[in-house]
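Residue numbers for the sequence shown, in the numbering used here: 544 to 834.
Beta carbons are placed, not taken as given, at the ideal position from N, Cα and C, and that holds for glycine.
Inspection log for the structure reproduced underneath, given as structure tokens.
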Amino acid sequence: MIAARMRWNVRCSMALPNPKNTLSFTIVRSMCALWSGGDCSRCRLACITGTMPVVTIGYVRNAWRGGLGSSMGKNSAKPAKTKNVTPAVTPWGKNRVKNTETGKHVLIMPGIGYTVDRPLLYWAAQALAADGWFVDRLDLKLTEDVEFPEMIACMERVVDQVRAEALEHAAESGEEARLLVVTKSLSTLSYPHSAKLGLRVVLLTPVLNPPPFDKHKSIIPAPLPGVVGSPMPLICAGDADPYFDDAKAHLLTDHVRTFAGANHSIEVPDDWRTSLDYLKQVTQAIVDYAG
Numbered sequence: 544m545i546a547a548r549m550r551w552n553v554r555c556s557m558a559l560p561n562p563k564n565t566l567s568f569t570i571v572r573s574m575c576a577l578w579s580g581g582d583c584s585r586c587r588l589a590c591i592t593g594t595m596p597v598v599t600i601g602y603v604r605n606a607w608r609g610g611l612g613s614s615m616g617k618n619s620a621k622p623a624k625t626k627n628v629t630p631a632v633t634p635w636g637k638n639r640v641k642n643t644e645t646g647k648h649v650l651i652m653p654g655i656g657y658t659v660d661r662p663l664l665y666w667a668a669q670a671l672a673a674d675g676w677f678v679d680r681l682d683l684k685l686t687e688d689v690e691f692p693e694m695i696a697c698m699e700r701v702v703d704q705v706r707a708e709a710l711e712h713a714a715e716s717g718e719e720a721r722l723l724v725v726t727k728s729l730s731t732l733s734y735p736h737s738a739k740l741g742l743r744v745v746l747l748t749p750v751l752n753p754p755p756f757d758k759h760k761s762i763i764p765a766p767l768p769g770v771v772g773s774p775m776p777l778i779c780a781g782d783a784d785p786y787f788d789d790a791k792a793h794l795l796t797d798h799v800r801t802f803a804g805a806n807h808s809i810e811v812p813d814d815w816r817t818s819l820d821y822l823k824q825v826t827q828a829i830v831d832y833a834g
């Protein structure tokens, strides 16, 4: 174990994906690149090369600022694991309010390999926390045998549990409950469930065309039946994203932001200036949508 900053212990190793299964990796957290005090380039390099970091973080002692909640405390939702999916919901360490001090609660949900510490989700959390939202973040540990229906069902249960806790905390704060879910790629497939609950949802690079490695051909139905009166989602995606379909997106919502030349990470390859500009625009769109 490496003695890490902020009283975390971190063990990190690199693992190549199993060529027989695109989902052959495990990610519990990806904070080692920020906090391990070791060779951070290993995990950062993984994002570039396509290798996946296998990260295990052992929590030693509460290090959240100002006692705003701990990953092991009573303020965390504890959704049940399944055979191939282990979810972990934790309050963000940069929250500026306690969960019982505000009615504004947001859940940040990851994609496959696109963790909550990657740019679109990290800066969404940063901006919303600065606006007084209490941020919870979801991490998923997946086995190589996991399939899309199991992941989707697990994420739907997470939404249910976080929503229930957020409503309780909002009531304690004395403020009206304002709930938001920010999703990316894989987690956008939980949108139909959230819509039926009447939640406002941000869909970053939604899966509107099926991934070739998903034998179940999972997509967000467009138009979505049975959600009359539910808030329209915000959609942000690149027009070079193979899983995006602009026509289908407009069947779901009037709030569609499309970024020219951008891929499934809303980045333009070999153009960091445009990519950073798009990141700023997406973050602003999320803040404006959250209100």
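query: Out of I829, I655, V830 and T645, which has the shortest C-alpha to C-alpha gap to L729?; result: I655
query: Does the distance from the C-beta atom of V649 to that of V725 stay below 8 Å?; result: yes
query: By the DSSP assignment, the beta strand (DSSP E) with L747 in it spans what residues?; result: R743 to L747
query: With distances taken from CA atoms, which of P755, K626 and A803 is nearest Y786?; result: P755
query: Near T794, which residues of its chain fall below 6 Å by C-beta distance, leaving aside the five closest residues on each side in sequence?; result: Strictly speaking, residue 794 in this sequence is Leu, with Thr absent from that position. Closer than 6 Å at the Cβ level, and outside the excluded window around L794, lie A765 and P766.
query: Pull up the CB-CB distance for G646 and S716, whole angstroms please, since I reckon it's below 8 Å.; result: 6 Å
query: To the nearest whole angstrom, what separates the beta carbons of N638 and A672, a pair I think is in contact under 8 Å?; result: 6 Å
query: Using the beta-carbon count (16 or more within 10 Å), is P630 buried or exposed?; result: buried
query: Within a Cβ cutoff of 7 Å, which residues of the same chain sit near M698, ignoring the five residues on either side of it in sequence?; result: M652, S730 and S733
query: Can you give the Cα-Cα distance for I762 and A623, rounded to whole angstroms?; result: 24 Å
query: Residue range of the alpha helix (DSSP H) that D820 falls in?; result: W815 to A833
query: How many Å lie between Q827 and Q669 at the Cα?; result: 11 Å
query: Within the same chain, show all residues whose beta-carbon is closer than 6 Å to that of L822, passing over the 5 residues directly before and after it, in chain order.; result: P662
query: Starting from L664, follow the beta strand (DSSP E) in both directions and report where the run begins and ends.; result: Per DSSP, L664 belongs to no beta strand (DSSP E); it is in the alpha helix (DSSP H), P662 to A673.
query: Alpha carbons only, please: which of E718, P749 and P774 is nearest the one belonging to R743?; result: P774
query: Suppose you measure from the CA of R721 to the CA of M694; what does that come to, to the nearest Å?; result: 26 Å
query: Name the DSSP beta bridge partners of D679, please?; result: P634 and L650
query: Once DSSP output is grouped into helix, strand and coil, what is the label at A765?; result: coil
query: Using CA atoms only, rank isn't needed, just tell me which of T796, H798, G804 and V799 is closest to A783.; result: G804
query: Does R706 come out as helix, strand or coil in the three-state DSSP assignment?; result: helix
query: What are the residues that DSSP puts in a beta bridge with C697?; result: Per DSSP, none; premise fails for C697.
query: Whole angstroms is fine: what's the gap from E644's alpha carbon to A709's?; result: 11 Å
query: Residues in its own chain within less than 7 Å of L751 by CB, not counting five upstream and five downstream?; result: I762, I763, A765, Y786, F787, D788, K791 and A792
query: May I have the straight-line CA-CA distance separating T633 from P692, to the nearest angstrom?; result: 23 Å
query: What would DSSP say about L722, mapped onto helix, strand or coil?; result: strand
query: At 4 residues or longer, what runs of the alpha helix (DSSP H) sit wholly inside the stretch 765 to 816?; result: 789 to 795
query: Do the CB positions of Y665 and S808 come within less than 8 Å of each other?; result: no
query: May I have the straight-line CA-CA distance separating V830 from L685, to the nearest angstrom?; result: 30 Å
query: From the DSSP output, in three-state form, read off M624 for me.; result: Strictly speaking, residue 624 in this sequence is Lys, with Met absent from that position. DSSP places K624 in coil when its eight states are reduced to three.
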